[in-house]
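Each remark here refers to the structure printed beneath this line.
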Amino acid sequence: MSNKNFKLTYFNVRGRGELIRLLFAYAEKQYEDNRVNFENWPALKPETPYLSLPILEHGGVTIGQSVSIARYVAKELGLAGRTTLEQALTDGIIDSITDIFNELVKHAFEKEETKKVSDLFYVYLYMGCIIVFFKIQDDVH
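Letter by letter, the sequence shown follows residues 1 to 141 of UniProt numbering.
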């Protein structure tokens, strides 16, 4: 694991930066959590690799895209698995979390009259993912 400091820059919300923050918390690794106000975002945007947040600065390099950052951080913190099989299973979990997040974003912007029907769908979606995550853990151990 690198001794260099990590600096995560994201808005002062959970969103796409939260998985990365959770990885640092789980590994008990200190990092700089640079939270950007939405008012300051237009000035910062041109300085980001993909004109988006989150970004991670580490070792003099800036990395963009939340899933790429999550995979990188997991590897740097020793959380990505010891074997290629464990790494593939970890990638699957990261991809599943991304899928869930993308669905949550869609759900957040639904009209009120359709929200009740989709609420039930999302409960089943989340429960299904939790069951799959536990099954993967049991299969690996």
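Here a beta-carbon is modelled for each residue, glycine too, at the ideal position from N, C-alpha and C.
All figures in this text were calculated on a predicted structure; none of them were measured in a lab.
- Spatial distance of Pro42 from Ser52 (CA atoms): Here the C-alpha atom of Pro42 lies approximately 10 Å from the C-alpha atom of Ser52.
- Query: Quick one: complete alpha helix (DSSP H) runs, 4+ long, within the UniProt domain "GST N-terminal" (4-81)?
  - Reply: 18-27, 41-44 and 66-76
- Item | Thr62 versus Val73: straight-line alpha-carbon distance, rounded | 13 Å
- Item | Neighbourhood of Thr48 by C-beta, 7 Å cutoff - its chain only, sequence neighbours within 5 removed | Ile55 and Gly64
- Within 10 angstroms of its Cβ, does Asn59 collect 16 or more other Cβ (buried), or is it exposed? The sequence given here has Gly at residue 59, not Asn. That one is exposed.
- Where Phe109 falls: helix, strand or coil (DSSP): Reduced to three states, the DSSP call for Phe109 is coil.
- Message: What would DSSP say about Thr83, mapped onto helix, strand or coil?
- Response: coil
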